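Under our numbering, think of the first position of the sequence shown as 85, with each following residue one higher.
Have a look at the structure below, then the notes.
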Amino acid sequence: MSGCCGGGTGIPSCERVFDDRTATADLRRLRRNGPPWATRALIDDLADGLELDDATVVDIGAGVGAVHLALLERGARAAVDVDGSTAYLAAARSEAERRGLAGRVTHVLADATAAGGGLEPGDLVALDRVVCCYGDVAGLMRAAAALATHRVGLVYPRDTWWLRTAAAIANPVMFRRSSGYRMHIHREADVTAPLRAAGFRRRSARDGFVWRVETWERIGEATATA
Ligand SMILES: C[S@@+](CC[C@H](N)C(=O)[O-])C[C@H]1O[C@@H](n2cnc3c(N)ncnc32)[C@H](O)[C@@H]1O
85 MSGCCGGGTG
95 IPSCERVFDD
105 RTATADLRRL
115 RRNGPPWATR
125 ALIDDLADGL
135 ELDDATVVDI
145 GAGVGAVHLA
155 LLERGARAAV
165 DVDGSTAYLA
175 AARSEAERRG
185 LAGRVTHVLA
195 DATAAGGGLE
205 PGDLVALDRV
215 VCCYGDVAGL
225 MRAAAALATH
235 RVGLVYPRDT
245 WWLRTAAAIA
255 NPVMFRRSSG
265 YRMHIHREAD
275 VTAPLRAAGF
285 RRRSARDGFV
295 WRVETWERIG
305 EATATA
């Protein structure tokens with residue numbers, strides 16, 4: 085049986101935006117089409133060159149579970165799904181059950197920046213399209229780095245003028261509709277500095293029109309506070 089969230093607390097803005105309706109739609113899309121290109125690239129690059137047999141995965145903001153479920157199917161031993169949305173955790177749990185993987189996933193309802201100390205570190209830590217949902221990018225990336233014993237992989241929006249413009253136009257509408265949610269286009273340096281400071285080196289990077297996919301590998305211990 086899959087582990088669960090106990091008395092964890094979601095993230096209010098995520099609970100409002102990532103609700104049952106969007107979770108159901110995302111799960112249907114995943115089942116019909118498989119993961120989108122950036123998620124597939126993230127899965128491939130996180131696993132690249134590794135024997136996954138005994139690996140553990142922490143999937144921060146896992147949504148309906150595409151990344152950790154794919155890594156479990158490739159041989160990883162166990163995964164923790166930590167998400168700020170109750171609806172997405174439930175969707176990921178149902179997909180794990182459908183694929184016969186529920187016994188290898190623990191689902192935690194939490195803000196990863198607050199839950200960090202209470203979570204077991206993993207070999208691989210994923211943040212697929214999570215950085216853009218969260219304002220405190222330094223805190224989020226520090227939490228990811230602290231949880232990763234080997235690699236961190238992430239998908240985040242490219243730091244371009246047209247994406248900043250699109251976010252500036254869309255955010256007032258999103259903010260009103262969801263009482264407080266906004267999309268963040270963080271500066272690349274702000275996303276990556278906490279990883280460098282924690283002893284990681286970039287291993288791969290790929291750009292699509294909107295999304296950037298990067299993996300980082302631990303080469304040492306933390307050297308500074310980002
Ligand atoms: C845009 S969705 C992406 C879901 C999935 N990774 C994907 O790419 O399809 C962002 C997810 O991250 C979660 N999230 C955002 N910030 C988080 C945080 N600080 N801790 C845990 N979950 C977070 C949200 O609840 C939501 O499920």
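Glycine is no exception: its CB is placed at the ideal position from the N, C-alpha and C atoms.
Note that the structure is a prediction, hence the values are computed from the model and not measured.
- For V151 against E179, the beta-carbon gap comes to about 12 Å, at or over 8 Å, which does not count as contact.
- In this structure, G206 places its C-beta atom within 9 Å of the C-beta atom of V141.
- Contact annotation: V239 and L211 have beta-carbon atoms nearer than 9 Å.
- Judged by DSSP secondary structure, R226 falls outside any beta strand (DSSP E) and instead within the alpha helix (DSSP H) spanning 221 to 231.
- Annotated as distal: A230 and F284, with beta-carbon spacing of 9 Å or more.
- Here the C-alpha atom of W246 lies approximately 12 Å from the C-alpha atom of A254.
- In the three-state reduction of the DSSP assignment, A254 falls in the helix class.
- Around the Cβ of I303, a 10 Å sphere holds fewer than 16 other Cβ atoms; the residue is exposed.
- G237 places its beta carbon 9 Å or farther from that of W121.
- Beta-bridge pairing by DSSP links E298 to L238, A289.
- Relative to ligand 1, the nearest heavy atom lies less than 8 Å away from the CB of G94.
- Relative to ligand 1, the nearest heavy atom lies less than 8 Å away from the CB of G147.
- For A174, the Cβ stays outside the 8 Å cut-off from all heavy atoms of ligand 1.
- Residue range 150 to 157 is occupied by the alpha helix (DSSP H) that includes H152.
- Relative to the non-hydrogen atoms of ligand 1, the Cβ of A281 never comes closer than 8 Å to any of them.
- Excluding residues up to 5 positions away in sequence, A150, D212 lie with their Cβ nearer than 6 Å to the Cβ of T123 in the same chain.
- In the three-state reduction of the DSSP assignment, T106 falls in the helix class.
- For A198 against V166, the beta-carbon gap comes to about 10 Å, at or over 8 Å, which does not count as contact.
- The beta carbon of R226 is closer than 6 Å to those of P278 in its chain, skipping five residues each way along the sequence.
- For D129, there is no enclosing beta strand (DSSP E); the enclosing alpha helix (DSSP H) covers residues 121 to 131.
- Taking C-beta separations shorter than 7 Å and ignoring five residues to either side along the sequence, the partners of A171 in its chain run F102, D103, D104, A107, following chain order.
- E204 and R161 have their C-alpha atoms roughly 14 Å apart.
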